[in-house]
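When you line the sequence shown up against UniProt numbering, it's residues 1 to 115, in that order.
Structure record follows, encoded as structure tokens.
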Amino acid sequence: DKPRQWLALDYTSADTPLSELEQTSKSIDSSAHMITTARVPADKPVRIAFSLNDSPDDASSENFPLAFPDLDQQLQPLPPCHDSKESMQVYKQHCKIAEEYHEVKKEIALLEERK
């Protein structure tokens, strides 16, 4: 059984000093699961930050930079979960599809240029 991943929500006022937020996040143990809230007047903007504290893939996403920088963000292959063969296969498939998509876009651009 894998441990559950919890979602930590941090509601802060837009004028909360960044140093205060960094102190709070540094003081939280990585195994702790907590939801912090702050009362904010209705007329002030609110920033909502989401983080998965238990996510083992946080560091692994750095190993998979955007392989296709000219591809729209929503079309980028997502980094795989290294513990799952299926996830690795899906990632490889997505990379292949992204390469094919890039090639088709190049061909279309060349054909339009020739018109």
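Heads up, the beta-carbon is just placed ideally off N, CA and C, and yes, glycines get one too.
Does the beta-carbon of P80 have 16 or more other beta-carbons within 10 angstroms, so that it is buried, or is it exposed?
-> buried
For H102, three-class secondary structure by DSSP = helix
In whole angstroms, what is the alpha-carbon distance linking K96 and E112?
-> 24 Å
Can you tell me whether DSSP reads residue 133 as helix, strand or coil?
-> In the structure displayed, the chain extends from 1 to 115; residue 133 sits before or after that span and is not available.
Would you call P69 buried or exposed, if buried means 16 or more other Cβ atoms sit within 10 Å of its Cβ?
-> exposed
Give me the Cα-Cα distance between R114 and Q74, rounded to the nearest whole angstrom.
-> 30 Å
How about H102 and L78: are their beta carbons less than 8 Å apart?
-> no
Cβ-based neighbour list, H94, same chain, cut-off 8 Å, excluding 5 preceding and 5 following = P77 and L78
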